Amino acid sequence: MATLHIDRKACVGSGLCAAMHPGLFRLTDEGLGTPAQRELTKADDIDSARDVAGCCPGEAVAVLDTP
């Protein structure tokens, strides 16, 4: 299980997160990334979120392991 977090201060609004995985990310009205779901339980979703985190130009996406 993991928690998906976006640092809104670090987000540059590129939209890459939502483009890469629209099931996990969406854009706010301000054009900033936000999690579509915070708690991730599926291994594929966790892996995808980590891929997005590695590509985020603002390094705003974090995937935090939870017990």
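Be aware that the sequence shown starts at 522, since it is given in my numbering, and climbs by one per residue. Backbone N, C-alpha and C define an ideal beta-carbon position, used for all residues, glycine too. Computed from a predicted structure; not experimentally measured.
query	result
Flag this pair as yes or no: are the beta carbons of A540 and L548 separated by less than 7 Å?	no
If you compare alpha carbons, which of L553, T524 and P543 is closest to G534?	L553
On the criterion of 16 or more Cβ atoms from any shown chain inside 10 Å, does A523 qualify as buried, or is it exposed?	buried
Should L585 be labelled buried (16 or more other beta-carbon atoms within 10 Å of its own) or exposed?	exposed
Have a look at the DSSP bridge pairing and note the partners of T555.	R547
What are the boundary residues of the alpha helix (DSSP H) that A574 is part of?	A564 to C576
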